[in-house]
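First residue of the sequence shown? That's 1 in full-length UniProt numbering, and the numbers climb one at a time after it.
Cβ atoms here follow ideal geometry from the backbone N, Cα and C, with glycine treated the same way.
Please read these numbers as outputs of a predicted model, since none were measured by experiment.
Okay, so here's the structure we're looking at.
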Amino acid sequence: MINYLKGKTIEILKNTNNRIILILEVNQIGYEIQIPSRLARKLSADNSELIQIFTHLQIQEDRQILYGFSSAAERDLFRQLISVSGIGTQLAIALIDTLGLEELVQAIVTGNTKTLAKTPGVGAKTAERIALELKTKLAQWRQVVGATVSSASAIPRAEILEDVEMTLLALGYTNEEINQALSALSKDNQMLKNPHVEEWIRSAIAILSTDK
1 MINYLKGKTI EILKNTNNRI ILILEVNQIG YEIQIPSRLA RKLSADNSEL
51 IQIFTHLQIQ EDRQILYGFS SAAERDLFRQ LISVSGIGTQ LAIALIDTLG
101 LEELVQAIVT GNTKTLAKTP GVGAKTAERI ALELKTKLAQ WRQVVGATVS
151 SASAIPRAEI LEDVEMTLLA LGYTNEEINQ ALSALSKDNQ MLKNPHVEEW
201 IRSAIAILST DK
């Protein structure tokens, strides 16, 4: 099993299936690695520096596919996702691309199916299955690997997040603005301990007003 590859970015391209492929040269060998678009945006073919890509190798009957990620935690989360019934590699990458490591883990652990369903191809039933099968696993995994998310006791309840989202949407804020506000609030340790949705809403509005 290949844990990671360290080499130089030669090219980043989209194949015929619209999947993003990184050509990584390692010791004069070019590896084709499918990567999330989040990672592609961070890489540059003009950069001569060595980069480290954490990999997952999928072996099929007629071919081998190498998937690459920016961190071991992101790669491990990918593996957790594809262990869920009905979640293939492309949907797992779409989840990581849409939400990112921190927000995706938080949504699963808190059972926030509405956030999970923001991913194209993920409906309500699929979101529920992901949360049901991975909630406990990810809570334990997060503690072991030290993923950059809040501790289980300091994560806002899904009900609070949903109420804040609904209120801000009604006030005319976009999903991008709402996610930005919730992301900022979720890094506030004092706010994470606050069970009052009204104060979450006021704080979110204050953040968005400041940014305008």
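8 Å contact criterion, which residue i and residue j should meet: CB distance rounded
i, j, result
"residue 3", "residue 78", "Contact doesn't hold; Cβ gap of about 14 Å is too wide."
"residue 37", "residue 97", "5 Å"
"residue 107", "residue 99", "6 Å"
"residue 216", "residue 70", "Beyond the ends of the chain as shown, which are 1 and 212, falls residue 216; an answer cannot be given."
"residue 132", "residue 80", "No, residue 132 and residue 80 are not in contact; Cβ-Cβ is about 13 Å, not under 8 Å."
Selected residue, minimal CA-CA separation from residue i, among the options
i, options, result
"residue 13", "5, 24, 175 and 6", "24"
"residue 198", "176, 189 and 167", "167"
"residue 30", "42, 18, 10 and 39", "10"
"residue 185", "196, 207, 89 and 195", "207"
"residue 281", "42, 15, 161 and 171", "Outside the shown range of the chain (1 to 212) lies residue 281, about which nothing can therefore be said."
"residue 209", "118, 180 and 194", "180"
"residue 86", "35, 130 and 66", "130"
"residue 138", "171, 74, 64 and 123", "74"
"residue 114", "91, 88 and 163", "163"
"residue 226", "120, 128 and 95", "An answer regarding residue 226 cannot be provided, because it is not within the stretch 1 to 212 covered by the chain."
"residue 41", "59, 21 and 196", "21"
"residue 205", "195, 192, 187 and 165", "165"
"residue 76", "49, 191, 64 and 105", "105"
Residue environment, residue i, which counts as buried when at least 16 other CB atoms sit within 10 Å
i, result
"residue 72", "exposed"
"residue 27", "exposed"
"residue 61", "exposed"
"residue 174", "exposed"
"residue 140", "exposed"
"residue 189", "exposed"
"residue 172", "exposed"
"residue 178", "buried"
"residue 33", "buried"
"residue 56", "buried"
"residue 59", "exposed"
"residue 170", "exposed"
Beta-carbon proximity check, residue i vs residue j, cutoff 7 Å
i, j, result
"residue 6", "residue 52", "yes"
"residue 116", "residue 122", "yes"
"residue 68", "residue 35", "yes"
Inset, instruction - Give, in chain order, every unbroken run of the alpha helix (DSSP H) that is at least 4 residues long and sits entirely within the UniProt region "Domain III" (158-212). - result: 158-170, 175-185, 189-192 and 197-211
Inset, instruction - Quick one: which unbroken alpha helix (DSSP H) runs of 4-plus residues sit fully inside the segment 37-95? Chain order, please. - result: 37-42 and 72-82
Legend entry - Within the segment 101-132, ranges of the alpha helix (DSSP H) (whole runs, at least 4 residues): 113-116
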